[in-house]
């Protein structure tokens, strides 16, 4: 079970991506829990995630999130703007899996 | 151009980082977040209480009774939103310091109330003025108290943290239940914090301002809101939002954290006037920005861009983007368009991106100042409400609010038209070149 956390401003646009990522995961036969939260909820949600992906428009939060991510011991990265704009669930899912290291 | 963009991005990124991660601005933003559900609840009831044509359909008495019955819903939420913002800020700031957050919330409220006038002047039927004690005027819990409330919450939370960290707490012996120990450990920091504010209140009673509330209102809030309600400050705010977004940074989150206190205060003044049935004092309010500038497809009013894509898009890329962006765009979520068109870092769209919202702001401002379109009534419409409906609701159920939004869509569309056309042509040619080379 892979637990992938996405964060953006209100969790709105990332939740769009979440549904596409779920589709992609299902197609690949990967069991994954994928969910999106608003930026302020991200630090507390990180504990139960394997990886954190940040919406590109909130990339100035990376430094702050990195502190918590290190405490919890999970990788994090900014979602590629092009994949974000195209709501390319598969690309973002691959990125997440790559970060988890599998 | 690229070099210039690099330099700008290098300037904007740290600014965004500083503004968004500043602990006070974060607490302020989250404080408003705490208040938001209540504000929206109150707004819904203002809308219901002022249904169009209802005043003509039923008798005057029945209409008055109907409004009076629904009145408490907004009076208990929207009209005293400052109170919730204060609780939210105090809570979130102490939470940031990993303290007992709920005490941060209550100590902020108590501190604020200590600084607040606790009498009202009641005019008797004989015309004499009598000071009535034992009351807290609700006006100071709304717009008028907003700034003092924000400052007080910051200072109260800081003092509470300071006294807690100085270990000025009562230590309970082992074996005392944790909950009991915790309420005692908060006692001294809270008492000291409130004492500080009480001293401040007493000191101010010797000045000509009488209360801190009056002092802040006269010296800071009134001039600041005056400035914020003007067109120049609004244009600057709108331009900054657009500029941040151009670099792919969430402009509203960044700029709102500075402007929200002003916009909400202006909003509340309008609401009070709307409910009293008098002239609305302000054009620029939270809704002016959220509904008439941003709430038409999202930042940069990209609903017009989506319409443009459907009307003139020949390239596959634009067509795909239109299909992808439209459903979210209707609810003012426009990241697919911003990152997909793309708008970020795209010099070709810089002009319409910056220009359109400014033109719309000016046109809307003029239309509302001259009375052609009603001013926002102070009703907070959730930002995901689709355009036209949101304009109707925000102006207190007035069809002209929707008309204004429709006009704004047309304005944005016209400004974008030539640029969208060029972009579409480029994409189209690239796509065809690609298929030709594949074929050959």
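Chains as they are written, first to last, in the working numbering: chain A, -17 to 84; chain B, 115 to 554.
Yeah, the Cβ is synthetic: ideal placement off N, Cα and C, and Gly gets one too.
Determine, using beta carbons only, whether residue i and residue j come nearer to each other than 9 Å.
{"i": "residue 191 of chain B", "j": "residue 226 of chain B", "result": "no"}
{"i": "residue 41 of chain A", "j": "residue 127 of chain B", "result": "yes"}
{"i": "residue 366 of chain B", "j": "residue -5 of chain A", "result": "no"}
{"i": "residue 302 of chain B", "j": "residue 217 of chain B", "result": "no"}
{"i": "residue 54 of chain A", "j": "residue -1 of chain A", "result": "no"}
{"i": "residue 56 of chain A", "j": "residue 34 of chain A", "result": "yes"}
{"i": "residue 265 of chain B", "j": "residue 330 of chain B", "result": "yes"}
{"i": "residue 574 of chain B", "j": "residue 400 of chain B", "result": "This structure cannot settle anything about residue 574 of chain B, because the visible part of chain B is limited to 115 through 554."}
{"i": "residue 223 of chain B", "j": "residue 262 of chain B", "result": "no"}
{"i": "residue 449 of chain B", "j": "residue 412 of chain B", "result": "yes"}
{"i": "residue 530 of chain B", "j": "residue 359 of chain B", "result": "no"}
{"i": "residue 5 of chain A", "j": "residue 71 of chain A", "result": "yes"}
{"i": "residue 372 of chain B", "j": "residue 133 of chain B", "result": "yes"}
{"i": "residue 405 of chain B", "j": "residue 439 of chain B", "result": "no"}
{"i": "residue 343 of chain B", "j": "residue 396 of chain B", "result": "yes"}
{"i": "residue 504 of chain B", "j": "residue 391 of chain B", "result": "no"}
{"i": "residue 135 of chain B", "j": "residue 45 of chain A", "result": "yes"}
{"i": "residue 307 of chain B", "j": "residue 231 of chain B", "result": "no"}
Buried or exposed: which applies to residue i, given that a residue is buried once 16 or more other Cβ atoms fall within 10 Å of its Cβ?
{"i": "residue 540 of chain B", "result": "exposed"}
{"i": "residue 486 of chain B", "result": "exposed"}
{"i": "residue 488 of chain B", "result": "buried"}
{"i": "residue 235 of chain B", "result": "exposed"}
{"i": "residue 553 of chain B", "result": "Caution is warranted here: a pLDDT of 48 is assigned to residue 553 of chain B, below 50, making its placement in the model unreliable, and the coordinate value is therefore given only provisionally. Looking at its Cβ environment, which holds fewer than 16 other Cβ atoms inside 10 Å, residue 553 of chain B is exposed."}
{"i": "residue 526 of chain B", "result": "buried"}
{"i": "residue 563 of chain B", "result": "Limits of chain B in this structure are 115 at one end and 554 at the other, which puts residue 563 of chain B out of reach."}
{"i": "residue 109 of chain B", "result": "The shown model of chain B, from 115 to 554, leaves out residue 109 of chain B, and the question about it has no answer."}
{"i": "residue 348 of chain B", "result": "buried"}
{"i": "residue 2 of chain A", "result": "buried"}
{"i": "residue 312 of chain B", "result": "exposed"}
{"i": "residue 157 of chain B", "result": "buried"}
{"i": "residue 291 of chain B", "result": "exposed"}
{"i": "residue 533 of chain B", "result": "buried"}
{"i": "residue 518 of chain B", "result": "buried"}
{"i": "residue 537 of chain B", "result": "buried"}
What is the residue span of the alpha helix (DSSP H) that residue i lies within?
{"i": "residue 309 of chain B", "result": "292 to 318"}
{"i": "residue 10 of chain A", "result": "-6 to 10"}
{"i": "residue 265 of chain B", "result": "260 to 279"}
{"i": "residue 247 of chain B", "result": "Careful: residue 247 of chain B lies outside any alpha helix (DSSP H), inside the beta strand (DSSP E) at 243 to 247."}
{"i": "residue 497 of chain B", "result": "Careful: residue 497 of chain B lies outside any alpha helix (DSSP H) and carries neither H nor E."}
{"i": "residue 376 of chain B", "result": "365 to 390"}
{"i": "residue 214 of chain B", "result": "Residue 214 of chain B -> no alpha helix (DSSP H), and no H or E assigned at all."}
{"i": "residue 440 of chain B", "result": "430 to 444"}
{"i": "residue 425 of chain B", "result": "417 to 426"}
{"i": "residue 483 of chain B", "result": "461 to 483"}
{"i": "residue 360 of chain B", "result": "345 to 360"}
{"i": "residue 67 of chain A", "result": "63 to 67"}
{"i": "residue 44 of chain A", "result": "44 to 54"}
{"i": "residue 331 of chain B", "result": "Residue 331 of chain B -> no alpha helix (DSSP H), and no H or E assigned at all."}
{"i": "residue 180 of chain B", "result": "174 to 189"}
{"i": "residue 453 of chain B", "result": "449 to 454"}
{"i": "residue 26 of chain A", "result": "24 to 27"}
{"i": "residue 511 of chain B", "result": "From DSSP, residue 511 of chain B is part of no alpha helix (DSSP H); its letter is neither H nor E."}
{"i": "residue 106 of chain B", "result": "Examination of residue 106 of chain B is not possible in this model, given that chain B is present from 115 through 554 alone."}
Between residue i and the ligand PLP, is there a pair consisting of the residue's CB and a ligand heavy atom that are separated by less than 8 Å?
{"i": "residue 420 of chain B", "result": "Questions concerning the ligand PLP fall outside what the structure shown contains, since it holds no ligand whatsoever."}
Note the first and the last residue of the continuous beta strand (DSSP E) segment covering residue i.
{"i": "residue -13 of chain A", "result": "-16 to -10"}
{"i": "residue 233 of chain B", "result": "233 to 237"}
{"i": "residue 163 of chain B", "result": "Per DSSP, residue 163 of chain B belongs to no beta strand (DSSP E); it is in the alpha helix (DSSP H), 137 to 163."}
{"i": "residue 20 of chain A", "result": "14 to 20"}
{"i": "residue 60 of chain A", "result": "58 to 60"}
{"i": "residue 35 of chain A", "result": "33 to 36"}
>> Tell me which residues of the region 115 to 136 of chain B have at least one Cβ-Cβ distance to chain A shorter than 7 Å, keeping chain order.
In response: Going along the region 115 to 136 of chain B in chain order, one finds 127, 130, 131, 134 and 135 with a Cβ nearer than 7 Å to chain A.
> When the Cβ atoms of the region 385 to 393 of chain B are set against those of the region 468 to 477 of chain B, are three or more pairs found closer than 8 Å?
Replying inline: No: fewer than three Cβ pairs fall under 8 Å.
> Quick one, which residues of the region 47 to 81 of chain A are near chain B if we go by CB-CB under 8 Å, in chain order?
Replying inline: Residues 63, 64, 66, 67, 68 and 69.
> Looking at chain D, which residues of the region 361 to 388 of chain B have a Cβ within less than 7 Å of any of its Cβ atoms?
Replying inline: Checking the listed chains, one finds no chain D in this structure; the protein chains it contains are A and B.
> Is the region 497 to 517 of chain B close to the region 442 to 461 of chain B, with three or more CB pairs under 8 Å?
Replying inline: Because the criterion of three Cβ pairs below 8 Å is met, the region 497 to 517 of chain B and the region 442 to 461 of chain B touch.
> Any contact of the region 257 to 277 of chain B with the region 179 to 190 of chain B, i.e. 3+ C-beta pairs under 8 Å?
Replying inline: In this structure the region 257 to 277 of chain B does not touch the region 179 to 190 of chain B; the number of beta carbon pairs closer than 8 Å is below three.
> If contact means a Cβ-Cβ distance below 9 Å, which residues of the region 13 to 31 of chain A contact chain B?
Replying inline: Within the region 13 to 31 of chain A, the qualifying residues are 20, 21 and 22.
> Looking at chain A, which residues of the region 433 to 445 of chain B have a Cβ within less than 7 Å of any of its Cβ atoms?
Replying inline: Shown in chain order are the members of the region 433 to 445 of chain B whose Cβ falls below 7 Å from a Cβ of chain A: 438 and 442.
> Just by C-beta distance, which residues in the region -16 to -1 of chain A are closer than 8 Å to chain B?
Replying inline: Residues are counted here when their Cβ sits less than 8 Å from a Cβ of chain B; for the region -16 to -1 of chain A these are -10, -9, -6, -5 and -2, given in chain order.
>> Below 8 Å, how does it come out for the region 140 to 160 of chain B and the region 371 to 380 of chain B: are there three or more Cβ pairs, yes or no?
In response: Verdict: yes, contact present.
> Does the region 449 to 465 of chain B come close enough to the region 60 to 68 of chain A to have 3 or more Cβ pairs within less than 8 Å?
Replying inline: Taking a cut-off of 8 Å for Cβ pairs, the region 449 to 465 of chain B and the region 60 to 68 of chain A touch, as three or more such pairs fall below it.
> Below 8 Å, can you find three or more Cβ-Cβ pairs linking the region 198 to 217 of chain B to the region 131 to 145 of chain B?
Replying inline: The way I'd put it, the region 198 to 217 of chain B does touch the region 131 to 145 of chain B; three or more beta-carbon pairs between them come closer than 8 Å.
>> To be precise: take each residue of the region 189 to 214 of chain B, compare its Cβ to all Cβ atoms of chain A, and keep it if any distance is under 9 Å. Which residues remain?
In response: Listed by position along the chain: 206.
> Residues in the region 505 to 539 of chain B with C-beta within 7 Å of chain A's C-beta atoms, listed in sequence order?
Replying inline: Taking 7 Å as the Cβ-Cβ cut-off against chain A, none of the residues of the region 505 to 539 of chain B qualify.
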